[in-house]
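Enquirer: Next up is a structure, given as structure tokens.
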Amino acid sequence: MEDDETVEISEGPQLGIEGGPLGADEYEHAAAIPVIIISGVQEPNIEEILKADPDCYELDLNHNRIEKLEKSELLTRVERWYVSWNLIKKIENLYILTSLVELELSDNQISRLENFDSLVNLPILDVSFNRLTKIENLKNLLKLEKLYIG
């Protein structure tokens with residue numbers, strides 16, 4: 001573990017676990033940690049992650065095989081959410097994530113930017129290296145300072 005405020009859980013050679021979903025035991029190790037990093041997992045279970053630590057403010061789900069942002073409505077306290085290098089095609093259910101100050105969705109398969117209009121406190125949005133053909137509803141993001149779309 002890097003420090004007392006970060007826990008990193010990943011499947012692969014470093015833990016000797018090959019593929020498959022994480023079990024409840026792995027999520028329990030994340031309890032009371034405000035920063036959670038989960039990498040190399042087929043489909044991380046956001047519900048289980050937040051049971052382990054409902055006060056998590058930074059969630060790093062980079063380098064997984066996530067195809068859909070499910071249960072994202074549970075992330076009401078998360079301020080920084082990293083879901084780059086996944087297989088996400090569509091952005092849904094972001095309307096309740098008004099606490100977000102950073103959202104990274106780079107290196108996915110997103111073709112349309114939509115449903116972002118409720119993220120009124122978001123200064124940093126990274127959607128670079130996607131398949132973007134249409135960008136809409138960003139006009140309400142008055143605090144947006146950095147937009148990465150290249």
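Residue numbering for the sequence shown follows full-length UniProt numbering, starting at 1 and increasing by one per position.
Glycine included, C-beta positions come from ideal geometry on N, C-alpha and C.
#1: Please work out which residues of its chain come closer than 6 Å, Cβ to Cβ, to ASP60, disregarding the five sequence neighbours upstream and downstream, and give them in chain order.
#2: Only counting the same chain, and skipping five residues up and downstream in sequence, which positions put a Cβ closer than 8 Å to that of ARG77?
#3: If you draw a straight line from the C-alpha of ARG65 to the C-alpha of LEU125, how long is it?
#4: Among the candidates PRO123, LEU132, GLU70 and ASN62, whose CA atom is the shortest distance from the CA of ASN45?
#5: Go through its chain and collect everything with a Cβ distance to HIS63's Cβ below 7 Å, but skip five positions before and after it.
#6: Is SER106 closer than 7 Å to PHE129 when the C-beta atoms are compared?
#7: Please report how far the alpha carbon of ASN115 lies from the alpha carbon of GLU47, in whole angstroms.
#8: Which partner residues of GLU92 appear in the DSSP bridge assignment?
#9: For GLU136, which residues of its own chain have a beta-carbon under 6 Å away from its beta-carbon, when the five flanking residues on both sides are left out?
#10: When you compare each of PRO34, GLU79 and GLU92 to ASN121 by their alpha carbons, which one comes out closest?
#11: Buried or exposed: where does ASN108 fall if 16 or more other Cβ atoms within 10 Å of its Cβ makes it buried?
#12: What is the rounded straight-line gap between the Cα of PRO123 and the Cα of ASP117?
#13: Which residues in the same chain as LYS146 place their Cβ atom closer than 6 Å to its Cβ, once the five residues preceding and following it in sequence are excluded?
#14: Which one or two residues does DSSP pair with LYS146 in a beta bridge?
#15: Are GLU67 and LEU87 close, meaning C-beta to C-beta below 7 Å?
#16: Distance, Cα to Cα, ARG131 vs TYR148?
Expert: In brief:
#1: Hits under 6 Å: ILE37 and TYR82.
#2: Listed in chain order, the non-local C-beta contacts of ARG77 below 8 Å within the same chain comprise PRO54, ASP55, CYS56, TYR57 and SER99, local neighbours out to five positions each way being set aside.
#3: Looking at the backbone, the Cα of ARG65 and that of LEU125 are separated by about 21 Å.
#4: ASN45 has its Cα closest to that of GLU70, out of PRO123, LEU132, GLU70 and ASN62.
#5: Short of 7 Å from the beta carbon of HIS63, and not among the five residues preceding or following it, lie these beta carbons of its own chain, in chain order: SER39, GLY40 and TRP85.
#6: Yes, Cβ-Cβ distance for PHE129 and SER106 is below 7 Å.
#7: Rounded to whole angstroms, ASN115 to GLU47 spans 22 Å at the Cα level.
#8: Beta-bridge pairing links GLU92 to no other residue.
#9: If you ignore the 5 residues before and after GLU136, its C-beta comes within less than 6 Å of the C-beta of GLU114, all in its own chain and listed in chain order.
#10: Taking only the C-alpha atoms, the option nearest ASN121 is GLU79.
#11: Buried.
#12: Going from the Cα of PRO123 to the Cα of ASP117 covers about 13 Å.
#13: So the qualifying residues of the chain are ILE124.
#14: Per DSSP, ILE124.
#15: Yes, the pair counts as a contact, with Cβ atoms nearer than the cut-off.
#16: Between the C-alpha atoms of ARG131 and TYR148 there is a straight-line separation of about 13 Å.
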